[in-house]
Amino acid sequence: QGTLFGRNTVGGAVSFVTAKPTGDFSGSAEVNVGTYDRVDATLNLNGALIADRLNGRISLGTQNRSGYGHVRDYTTGKQIDEMGDRDRISGRVLLDWLVRDDVNVLFSVEATDIDERATVRSIAKFTPISLHNLFNARVNPQPPVSQRLLPPDIYSTYGDYRDGIDNFNYMKSLGGSMTVDWGLGGDLSLKSITAWREYETGFGSDLDFTPYDLGAGNNYTDQDQFSQELQLSGISFNKRLEWVVGLYYFSEDAYDPSTAWVFRPLTDAGYIPDLSSSRERWSTNDSWAVFGEGTFDITDKLSITTGLRYTQDDKTESYQTTDIDDGGFGCNSCTHLLSGDMGVSDWSGRANVVYKWTPDVLTYASASRGFKSGGLSYSVTSESSQIRDTLNVYLPEYVWTVELGLKSTLLDNRLRLNAAAFHSDYKDIQYQFYAVLDQGGSLTSVSVVSNAPTAEIQGLELEALVEPMENLTLTASVGLTDAEYTGADERGGPLNLDSEFLYTPKWSAALSGEYRIPTALGNFRARIDYAWKDKTYFDIQNSTNPLLQQQAYGIFNARVSLD
């Protein structure tokens, strides 16, 4: 946490490692079919290109599925378009080159192409306003009385989606990496990891989800990034100390334009001015770090791990908004340009003590400090809680976490018991909310990031795996997370002491059972599992609104398979 992976990993990190090519020729193909015309396919080929020197692996995959969301005609109720489909293709090429006995180079190139409809959205609640009445009176004066704006189900919408205008979702990504491992002799080695990536994304959506063209918009992102890491690692002190030191550099540039149209029919009819607007955002981020970590075996049973990392971040951001007309407040084609920069430098690190009571039972205690980098956002004033037409620095968030745990394998490997208790103290925790920005009479919805002074999270995790008889495996786990904000936003944002912690169910639990029957054809498996989560909150401003909560729920699964 915060040592080897650096900033923005305050909760740890999950590392996905692609399997390296091998010298033995092998291949696999897989096809999945399902409802909504689903057809997914993957192909993998692996083998030696130059015996004992160069191995290669190629992987291809595609996902295809019709949309499960329905765009319906407001008058007839018939489906006229879809949302939430899948149309994706991706591929990766890996080359593992043994240049010489002490130098190995791994190349990777991967690409993804996504071209789909917008994600599924629908109205959960509708309150008629004067604009609704105005539209009915002037543009569509005789709507049938039986028509309602609420769709028949959560998978449907009466929105006036148009393909390629406000009903699209795409991404094009291309990236690669080169890892060089150089054995320097003895137990010393040097590793270089070079990586780059570029991607373009775009999505468009009807913003009012009604048959009236009251709002629509699209957003795009064009981002490029590069990183370089050097690691020197070794084993010292009669093989009791494993250590690594390193340098890291990261750079990215991003451009994010977006456009929004509002009340277009009334504008076209001449009833109101053109209120369409566009926004552009440019950002750069340069970061470098130096780090080191080591694990020392004090005795055969007792070991300690310590690590430190120092990080420097430098960011710049610029926002430009353009309004065609501000609705009569004296501005035509208004342009607002905001820009700012910030620098953050701080350290993170951890200490971990492990004691192995037996080869199958260990306990540990750890303390770590991590941080999430800050940035630039629209700011609020504490006096009036109004959004200001300026950019302001939101602070990095910091967290100290202490954890105690047990890991054990008992009863001749038939029982596994793990337990953990943790406490985290947050400072300047970041949160996001939406507000209306008044730029001289022109109203624009903006995303704001601010800081809450303090927050605390503590909890317990227990898990067990048991094999009471041959071929039968049972598992159970339970988690308790008690999280609360202990300070209100002093800048005037909506977070206060009564705000609910977001995305954090208090209780969670899971049960599973699997029985295996060996046959001449392979292993027949029957499995069931059940997972349950407590209530979850999603919006800091309206956490008590039941429409913005996920009530407690459980999911039951069952499957049979033959391997």
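If you read the sequence shown in this note's numbering, its first letter stands for residue 77, the second for the next number, and so on. Note that the Cβ used here is the ideal one computed from N, Cα and C, for glycine as well.
Pairwise C-alpha distance: residue j and residue i
i, j, result
"T233", "R148", "6 Å"
"S458", "G153", "Unreliable placement is indicated for S458, whose pLDDT of 41 sits below 50; the coordinate value is still reported in the next sentence. Spanning the two alpha carbons is a distance of roughly 48 Å."
"S249", "P594", "44 Å"
"A559", "E479", "16 Å"
"R114", "D389", "44 Å"
"N180", "D362", "29 Å"
"W358", "K391", "11 Å"
"E369", "D289", "58 Å"
"L119", "G103", "8 Å"
"D639", "P287", "51 Å"
"N547", "T485", "18 Å"
"Q462", "A634", "The predicted model places Q462 with a pLDDT of 45, which falls under 50 and marks its position as unreliable; any figure quoted below should be read in that light. So the alpha carbons of these two residues sit roughly 52 Å apart."
"V366", "G261", "24 Å"
"M545", "A552", "17 Å"
"L413", "P333", "14 Å"
"V175", "F279", "44 Å"
"D373", "W433", "14 Å"
"P529", "F339", "40 Å"
"D191", "R162", "8 Å"
"L573", "E537", "26 Å"
"D436", "R492", "10 Å"
"V431", "E106", "First, the amino acid is wrong: residue 431 is Tyr here, not Val. Those two C-alpha atoms are separated by around 44 Å."
"A271", "D605", "39 Å"
"N131", "A89", "29 Å"
"E274", "Q299", "6 Å"
"F244", "A194", "5 Å"
"N140", "R168", "19 Å"
"F285", "G235", "4 Å"
"T382", "Y440", "13 Å"
One or two residues paired with residue i in a DSSP bridge
i, result
"G123", "G132"
"I533", "S500 and A559"
"S86", "In the sequence as displayed, the identity of residue 86 is Val instead of Ser. Per DSSP, none; premise fails for V86."
"I269", "T255 and E305"
"T286", "DSSP lists no partner for T286."
"K432", "L438"
"N682", "Past the boundaries of the shown model lies residue 682; the chain is included only from 77 to 639, so the question cannot be answered."
"F600", "I593 and L638"
"S424", "R385"
Whether residue i touches residue j by CB criterion (7 Å)
i, j, result
"E328", "Q301", "yes"
"G252", "V321", "no"
"L482", "A495", "yes"
"A586", "A607", "yes"
"S309", "S379", "no"
"G78", "S424", "yes"
"Y613", "Q627", "no"
"D178", "G259", "yes"
"I311", "D376", "no"
"G555", "S526", "no"
"E318", "T371", "yes"
"A187", "D242", "no"
"S268", "L306", "yes"
"E543", "R490", "yes"
Presumed contact (8 Å Cβ cut-off) between residue i and residue j, rounded CB distance
i, j, result
"R426", "S444", "4 Å"
"E473", "Q506", "5 Å"
"L182", "K315", "Not really, about 27 Å apart at Cβ, beyond 8 Å."
"V282", "Y246", "First, the residue type needs correcting, since residue 282 is Asp and not Val in the sequence shown. Actually they are not in contact, since the Cβ atoms of D282 and Y246 sit about 17 Å apart, beyond 8 Å."
"L550", "G589", "5 Å"
"V475", "S500", "5 Å"
"G450", "L471", "5 Å"
"S575", "Y561", "5 Å"
Environment of residue i [buried if 16+ CB atoms lie within 10 Å]
i, result
"K448", "buried"
"V524", "buried"
"K611", "exposed"
"M159", "buried"
"D128", "exposed"
"R133", "buried"
"G404", "Note on G404: pLDDT 45, under 50, position unreliable in the model; the coordinate value appears next. Exposed, since its Cβ has fewer than 16 Cβ neighbours within 10 Å."
"A200", "exposed"
"S91", "exposed"
"L467", "buried"
"P227", "buried"
"S198", "buried"
"N428", "buried"
"T620", "exposed"
"Y324", "buried"
"Q218", "With a pLDDT of only 47 at Q218, under the threshold of 50, the placement of this residue in the model should not be trusted, and no figure is reported."
Any C-beta of chain D under 7 Å from that of residue i
i, result
"S135", "Any reference to chain D falls outside this structure, which holds one protein chain only."
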